[in-house]
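Trainee: Numbering (the working numbering), first residue to last: 1184 to 1324.
Sending over a structure as structure tokens; questions will come in a sec.
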Ligand SMILES: [Fe+2]
Ligand SMILES: [Fe+2]
């Protein structure tokens, strides 16, 4: 399944994204909520924009790093064979996020919106495919 954020729609979690591990699902829901907060920050008034954006981007990067490291220890603990490939997907995402955050400091709503769509589509596709792959493997092992 491919997810496309639309102008008016925020990203949402649904059962097709369930991994069957409640802690992981909660973390995914929280990440989606933070991404939607980034969208909210983009719509803030000019006076509030920079402060809200900085705060939400910090929450986003901190929580992403936390979630990835939780997920990686879980996969390692269960000897997930595609661990390295998965870890690299996480790493590449973090690099892309950091690179895009740098260019976001110039206030440009189109860039902000593109960034928000990138975050949401990457995350939902990653959960639907790669995270569900490891979850399925661990479920059945
Ligand atoms: Fe995940
Ligand atoms: Fe993952």
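Where a beta carbon is used, it is the ideal one built from N, C-alpha and C, also for glycine.
Between the beta-carbon of residue 1302 and the beta-carbon of residue 1295, is there less than 8 angstroms?
Mentor: Taking the chain shown and counting its residues from 1, one reaches residue 1302 at position 119. Taking the chain shown and counting its residues from 1, one reaches residue 1295 at position 112. Taking 8 angstroms as the Cβ cut-off, residue 1302 and residue 1295 do not qualify as a contacting pair.
Trainee: Applying the 10 Å Cβ sphere with the 16-neighbour rule, what's the burial state of residue 1188?
Mentor: Against the chain shown, residue 1188 aligns to sequence position 5. Note that residue 1188 scores 44 on pLDDT, short of 50, meaning its location in the model is unreliable and no value can be drawn from it.
Trainee: Give the single residue among 1315, 1277, 1228 and 1311 whose Cα lies nearest to the Cα of residue 1298.
Mentor: Against the chain shown, residue 1298 aligns to sequence position 115. Nearest of 1315, 1277, 1228 and 1311 to residue 1298, Cα basis: 1277.
Trainee: I'd like the list of long-range same chain contacts for residue 1225, defined as Cβ closer than 8 angstroms, with 5 residues on each side in sequence excluded.
Mentor: The residue labelled residue 1225 in the question sits at position 42 within the chain shown. Excluding sequence neighbours, residue 1225 sits near 1232, 1236, 1292, 1295, 1296 and 1299.
Trainee: Start and end of the alpha helix (DSSP H) containing residue 1230?
Mentor: Within the chain shown, numbered from 1, the residue matching residue 1230 stands at position 47. Unbroken alpha helix (DSSP H) run through residue 1230: 1229-1260.
Trainee: Excluding the five sequence neighbours on either side, which residues of its own chain have a C-beta within less than 7 angstroms of the C-beta of residue 1246, listed in chain order?
Mentor: Walking along the chain shown from the start, residue 1246 turns up at place 63. Closer than 7 angstroms at Cβ, skipping near neighbours: 1213, 1214 and 1217.
Trainee: From what residue to what residue does the alpha helix (DSSP H) around residue 1215 run?
Mentor: Position 32 of the chain shown holds residue 1215. Per DSSP, residue 1215 belongs to the alpha helix (DSSP H) from 1205-1225.
Trainee: Which of helix, strand or coil does DSSP assign to residue 1301?
Mentor: Working through the chain shown from its first residue, we reach residue 1301 at position 118. DSSP places residue 1301 in helix when its eight states are reduced to three.
Trainee: Whose CB is closer than 7 angstroms to a heavy atom of ligand 2? List the residues in chain order.
Mentor: This criterion selects 1251, 1254, 1269, 1272, 1273, 1309, 1313 and 1314.
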